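Residue 188 in full-length UniProt numbering sits at position 188 of the sequence shown, and the numbers go up by one each step.
Every residue gets a Cβ at the ideal spot worked out from N, C-alpha and C, and that includes glycine.
None of these values were measured; they are calculated from a predicted model.
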Amino acid sequence: MAEGIRDKVVILGMGCSRFGERWDCSAEDLISESFREAIADAGIDRDQIEAAWFGLSMDEQNLGKSALSLSQTLRLPNIAATRVENLCATGSEALRGAVYAVAAGAVDIALALGVEKLKDTGYGGLPERSKGTFNDLWQPGATAPGSFAQFASAYTARHGVDMATLKEAMAHISWKSHENGSKNPKAHLRQRLSKEAIVKAPMVAYPLGLFDCCGVSDGSACAIVASPEMAMRLGRTGELVSVKSMQLALSNGSEMSHDAWDGSYAHTTRIASRKAYREAGIVDPVKELDLVEVHDCFSITELVTMEDLGLSQPGMGYRDVLAGKFDADGEVASNIDGGLKCFGHPIGASGLRMVYEGYTQLLNRAGDRQLSRPRRALTHNLGGFPNYNVCSISILGLLGS
């Protein structure tokens with residue numbers, strides 16, 4: 001039987017650009033920015049990289065449909081390079097390709113890089129997109145805020161929670177994100193906000209207000225991975241961050257086909273997380289995870305995800321949020337870097353950005369937002385809509401722990 005990839009791959013180095021409205025930069029500039037940090041952190045030469053995976057979600061960026069733009073921008077040594085795309089899990093998919101190549105023994109050192117220059121494309125989350133994207137055929141007229149707002153309505157119906165109480169919990173999540181993001185020099189949004197301002201913000205899609213929604217960002221993130229044996233041959237003697245598990249689950253149409261799914265949770269997250277915990281050897285995620293980076297495209301998504309990951313009991317997520325369980329000083333810190341909400345959401349880079357934060361925290365490099373001696377970190381991407389999505393779960397930890 002397959003034994004999984006636990007501890008077969010370590011991260012030699014990572015890099016992340018500053019996220020935001022980077023009008024002064026091209027996509028190639030952002031690629032170079034994250035790569036320079038990663039290659040310096042890894043302590044290797046560019047020519048030691050043997051294969052690369054390039055995450056890019058949207059085509060309207062003059063980067064083409066292949067990985068040639070990555071190879072040319074970085075002057076990679078004529079190695080195999082592949083472009084991947086999997087909605088908002090694109091960055092995680094790039095990392096999965098690199099990790100699996102090393103775990104399989106195909107290469108010793110691999111690169112994963114994700115980028116998105118969304119501001120230049122005019123992309124926004126609210127208007128209907130009609131350029132051949134999946135929602136033209138599957139959900140014409142659908143918008144991201146409108147779709148994820150239905151999480152809240154379904155949640156109140158399923159668990160009998162008053163909407164005002166749920167809105168209070170959602171406001172706490174957004175407040176937490178802004179508090180955490182204010183300490184992150186690479187975050188898109190660094191302004192602190194009061195809960196009152198969040199609750200009273202203009203409505204986007206009921207019950208989601210302006211500050212319940214993540215923004216659109218430019219940015220890039222990069223990882224260089226290798227086998228533990230290769231890391232030792234390179235002279236790495238300090239603590240190493242290893243990949244404990246990577247799992248992916250995609251909707252198969254059942255959520256849209258019958259009423260077995262009530263819309264109050266993400267079916268794929270529950271499946272992917274169970275598989276990831278099993279691969280990583282995790283029995284009690286609340287006790288064994290120190291931080292999580294989850295796909296908080298909207299505040300309600302983070303709340304629902306806490307239950308889907310088994311960090312809260314079904315119907316209890318809002319109470320745990322209000323009790324501070326997922327605050328920076330809580331039992332399981334969530335989105336300590338500000339999350340999609342404040343760090344930003346360049347689609348192709350977000351999955352790798354989440355891993356970057358876990359990696360940074362595990363090596364005690366996070367500065368003002370550093371947690372106290374974390375040992376395990378989980379990242380969660382949810383691309384698409386609640387009833388039509390890709391879910392990616394990755395778990396990191398210190399090698400040997």
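query	result
For T73, report the span of its alpha helix (DSSP H) as first-last.	L68 to L74
Would you list, in sequence order, the uninterrupted alpha helix (DSSP H) runs of no fewer than 4 residues that lie entirely inside the segment 237 to 317?	267 to 280, 285 to 288 and 299 to 308
Opposite H188 in the DSSP bridges: which residues?	DSSP lists no partner for H188.
Along the chain, which unbroken stretches of the alpha helix (DSSP H) at least 4 residues long are found entirely within the segment 158 to 219?	163 to 181 and 195 to 199
Would you identify the three-state DSSP class for E116, choosing helix, strand or coil?	strand
For A89, name the three-state secondary structure that DSSP assigns.	coil
To which residues of the same chain is H159 closer than 6 Å at the C-beta, ignoring the five residues directly before and after it?	G315
Do the segment 49 to 61 and the segment 82 to 102 meet, that is, are 3 or more Cβ pairs less than 8 Å apart?	yes
Under 9 Å between the Cβ atoms of S392 and G338?	no
Taking just the CA atoms, how far does G397 sit from V241?	6 Å
Go ahead and pull the three-state DSSP assignment for R96.	helix
Might you give, ordered along the chain, the residues of its own chain that have their beta carbon closer than 7 Å to the beta carbon of Y206, omitting 5 neighbours on each side?	A149
Quick one, which of A249, D284, A333 and V332 has its alpha-carbon nearest P386's?	A249
Exposed or buried, what is Q361 when buried is set at 16 or more other beta-carbons lying within 10 Å of its beta-carbon?	buried
Tell me which residue opens and which closes the beta strand (DSSP E) that L398 is part of.	Y388 to L398
If you measure from the CB of C25, is any heavy atom of the ligand GTP nearer than 8 Å?	Among the ligands in the structure shown, none appear at all, so the ligand GTP cannot be discussed.
Taking the alpha-carbon of V332 as reference, which of F35, S17, F343 and D284 has the nearest alpha-carbon?	D284
With a Cβ-Cβ cutoff of 9 Å, do G209 and L189 count as a contact?	no
To the nearest angstrom, report how far apart R319 and K65 are at their CA atoms.	45 Å
In angstroms, rounded to a whole number, what distance separates the CA positions of S147 and P346?	20 Å
To the nearest angstrom, how far is the alpha carbon of S174 from that of K341?	7 Å
With DSSP run on the structure shown, which of helix, strand or coil describes S153?	helix
Can you give the beta carbon distance from K186 to C25, rounded, assuming they're within the 8 Å contact cut?	About 14 Å separates the two Cβ atoms, so there is no contact after all.
Would C222 and L303 be called neighbours here (beta carbons separated by less than 9 Å)?	no
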